[in-house]
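S.K.:
In UniProt numbering, the protein residues as written are 1 to 413.
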C-alpha cells in the first residue's frame, strides 16, 4: 500500500495535540496525587501508562513519516537516474583522494605537514563542503548501517562558521492560553518566558597516531586505522563533552558546558514510593518534564544501570524487557530511545526532550593532517596522522531535561 504523506502528517498533528494535552494533565495529577498519598492509585497509573504509551506510538509514527519524507526527497533529487554508488567512509575518502600525494611526500622527503582536507558533516546544502556526498544519487534507498546510538544523536545538530555561538536560554515559563470573551476589550492571557543571554566558544577536539611509512603500501589497512581508531577516539571525547562537560578551565583547556551541567535537577523525592528504584525515579522524572510542557523523547543511563534494568525478571523468571536473544539495535524504555554510556555516572540518569533542549554546532568536521617531520619521524621511518574537529553544545531549554544525581552513599537499582 502506498504511503500517503499528507494524510499521515494530518493524523499525526491531530493526535499529537491531543496526547500532549493528556500527558500534561495526567502528569500534574500524578505528581500531586503521589505527593498527597505517598503513591499512585491503580486508576492514575493506568491513565499515565496509557498516555505514555500513546506518546511512544506517536514517536514511532513520526519516525515513519520522516523516513518516508527522506525517501521522497531522495527520489525527487535522483530524477529517475539509475546507478548505484555506495557512500564512502572518511578514511576511504582520505586515502583515495590523497594516496598519490602522500606517497610522493613520504618517499621524496618533503618536509613539513600535509593537510588531507577538511571533511565536514554530510549535508546536501549548497556550499556546505559536504565532501562525503556521492556525486550521483540512486533511486533505491540504502539504509544506514546499524550502530550504537550516542548522545549526539539525541540532540539537534547544526553548523556554524563563527568561533563564538551566542544564544538565548529559556529559564522559566509562566501563564497559559485561555478562553476570552469576544468583546474586543478583554486583554488576552500572557504567556511569559524568562530568558538569559548566553555565549559559548567553539572547542577543539584532537588526537594523533603514528604509523610506519610502509603502511602507505597497504592503503586498506591505513584506511581502517583512520576509521576505527582516530575518528572513533575523537568522537568519543566529543560525546563525553556534550553530555558531561562541566564548563571549567583546567590546564588552559576549557570544557564544554554540557547537558548534565545545565539540566534541571530531579525534584520528585517527596513523591517516590517506598523502596524506589532507578526505574521508579525515571518514571517520575518523565512526569516532571511533561508537567513543564515538553515531550520526552529519550533517556540516558549508565551502562551498568541499563544492564541491571535489562536483567530484571518477573515472578516466573522471564525477562521483563523482552527476549535477550532478540536483535534490538535501538533499546527503548516506555517507548523512548535509550542511550547507555559510561560517561553517565553510575546511579544517575537523564531524561527529557533532547531535540528541543540542546543544539550541537559543528564548525569543522574531521580534518586529517599527515606529517613526516614530527619529532624523530624521519629517523624511524614513521609518519604522524592527526585528526581534529571543532564544535560546541548550546543548552537552550534546561527545563526540557531532568537529571537525577544519586546520593554519594549509593545509587543504581
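All residues carry an ideal CB built from backbone N, CA and C; glycine is no exception.
To the nearest angstrom, how far is the alpha carbon of residue 188 from that of residue 181?
M.R.: The alpha-carbon atoms of residue 188 and residue 181 are separated by roughly 9 Å.
S.K.: Please state if the CB of residue 383 and the CB of residue 430 are separated by a distance shorter than 8 Å.
M.R.: Since the first and last residues shown for the chain are 1 and 413, residue 430 lies out of range.
S.K.: Closer than 6 Å by C-beta to residue 266: which residues in its own chain qualify, once you throw out the five before and the five after it? Chain order, please.
M.R.: Contacts found: 285, 402, 404.
S.K.: Going by C-alpha to C-alpha distance, which of 45, 25, 151, 54 sits closest to residue 302?
M.R.: Closest by alpha carbon: 151.
S.K.: Whose CA, out of 174, 199, 193, 168, lies closest to the CA of residue 162?
M.R.: Answer by Cα proximity: 199.
S.K.: Spatial neighbours of residue 311 within its chain, please: CB distance less than 8 Å, with the 5 preceding and 5 following residues excluded, ordered by chain position.
M.R.: Excluding residues within five positions, the ones whose Cβ falls inside 8 Å are 319.
S.K.: Where does residue 393 fall in DSSP's three states?
M.R.: Strand.
S.K.: Pick helix, strand or coil for residue 378, following the three-state DSSP scheme.
M.R.: Three-state DSSP puts residue 378 in a helix.
S.K.: Would you call the CB atoms of residue 256 and residue 48 closer than 8 Å?
M.R.: No, they are not a contact pair.
S.K.: Using C-beta distances below 6 Å, list every residue in its chain close to residue 156, excluding the 5 sequence neighbours before and after it, in chain order.
M.R.: So the qualifying residues of the chain are 355, 359.
S.K.: Could you check which residue in 369, 254, 348 has the C-alpha nearest to that of residue 226?
M.R.: That would be 369, whose Cα lies nearest to the Cα of residue 226.
S.K.: Under the rule that 16 or more other beta-carbon atoms within 10 Å means buried, what is residue 220, buried or exposed?
M.R.: Exposed is the call here.
S.K.: Measuring only the C-alpha atoms, how far is residue 31 from residue 24?
M.R.: Those two C-alpha atoms are separated by around 11 Å.
S.K.: CA-CA distance, residue 331 and residue 375?
M.R.: About 46 Å.
S.K.: Under three-state DSSP, which class holds residue 150?
M.R.: The answer is coil: DSSP assigns residue 150 none of H, G, I, E or B.
S.K.: What span of residues does the alpha helix (DSSP H) with residue 219 cover, start to end?
M.R.: Note, residue 219: alpha helix (DSSP H), 219-225.
S.K.: Which word fits residue 428, buried or exposed, when buried means at least 16 other C-beta atoms lie within 10 angstroms of its C-beta?
M.R.: As shown, the chain starts at 1 and ends at 413. That puts residue 428 outside it, with no answer to give.
S.K.: Over the uninterrupted beta strand (DSSP E) stretch that includes residue 367, give me the two end residues.
M.R.: 358-371 is the extent of the beta strand (DSSP E) around residue 367.
S.K.: Whose CA, out of 193, 160, 272, lies closest to the CA of residue 175?
M.R.: Minimum Cα distance to residue 175 is reached at 193.
S.K.: Rounded to whole angstroms, what is the Cα-Cα separation between residue 131 and residue 363?
M.R.: For residue 131, the predicted structure reports a pLDDT of 40, less than 50, and the residue's modelled location is therefore unreliable. The matter cannot be settled from this model.
S.K.: With DSSP collapsed to three states, give me the class of residue 305.
M.R.: Helix, per DSSP.
S.K.: Go to residue 281, then tell me how far its alpha helix (DSSP H) extends in each direction, as first and last residue.
M.R.: Start and end: 278-291.
S.K.: Measure the beta-carbon distance from residue 398 to residue 169 and round it to whole angstroms, keeping in mind my assumption that it falls under 8 Å.
M.R.: That belief holds up - the Cβ atoms of residue 398 and residue 169 are roughly 7 Å apart, short of 8 Å.
S.K.: Quick test of your reading: residue 367 and residue 204, contact by CB under 8 Å. State the CB separation rounded to the nearest angstrom.
M.R.: 10 Å between Cβ atoms; not a contact.
S.K.: Is the distance from the Cβ of residue 346 to the Cβ of residue 304 below 8 Å?
M.R.: Closer than 8 Å, so yes.
S.K.: Kindly indicate the opening and closing residues of the alpha helix (DSSP H) around residue 238.
M.R.: Unbroken alpha helix (DSSP H) run through residue 238: 231-244.
S.K.: For residue 206, which of helix, strand or coil comes out of DSSP?
M.R.: Strand at residue 206.
S.K.: Using a Cβ-Cβ cut-off of 8 Å (strictly less than) and excluding sequence neighbours within five positions of residue 281, which residues of its own chain qualify?
M.R.: Excluding positions up to five away in sequence, the list reads 266, 268, 272, 349, 404.
S.K.: Would DSSP call residue 269 helix, strand or coil?
M.R.: Looking at residue 269 - three-state DSSP - the assignment turns out to be helix.
S.K.: With residue 289 and residue 353 assumed to form a contact (beta carbons below 8 Å), what rounded beta-carbon distance in angstroms separates them?
M.R.: Between residue 353 and residue 289 the Cβ distance is about 7 Å, and since that is below 8 Å, they are a contact.
S.K.: Measuring alpha carbon to alpha carbon, tell me which residue in 390, 149, 41, 344 is nearest residue 338.
M.R.: Comparing Cα positions, the closest option is 149.
S.K.: Please name the residue in 37, 316, 54 whose C-alpha comes closest to that of residue 270.
M.R.: Ranking the options by Cα distance to residue 270, first place goes to 37.
S.K.: Report the CB separation of residue 243 from residue 344 in whole angstroms; it is logged as a contact under 8 Å.
M.R.: Between residue 344 and residue 243 the Cβ distance is about 7 Å, and since that is below 8 Å, they are a contact.
S.K.: Rounded to whole angstroms, what's the CA-CA distance from residue 258 to residue 406? Just pull it up for me.
M.R.: Going from the Cα of residue 258 to the Cα of residue 406 covers about 18 Å.
S.K.: Classify residue 232 as buried or exposed, calling it buried when 16 or more other Cβ atoms lie within 10 Å of its own Cβ.
M.R.: By the 10 Å Cβ count, residue 232 comes out exposed.
S.K.: Can you check whether the CB of residue 385 is closer than 8 Å to the CB of residue 208?
M.R.: Yes, the pair counts as a contact, with Cβ atoms nearer than the cut-off.
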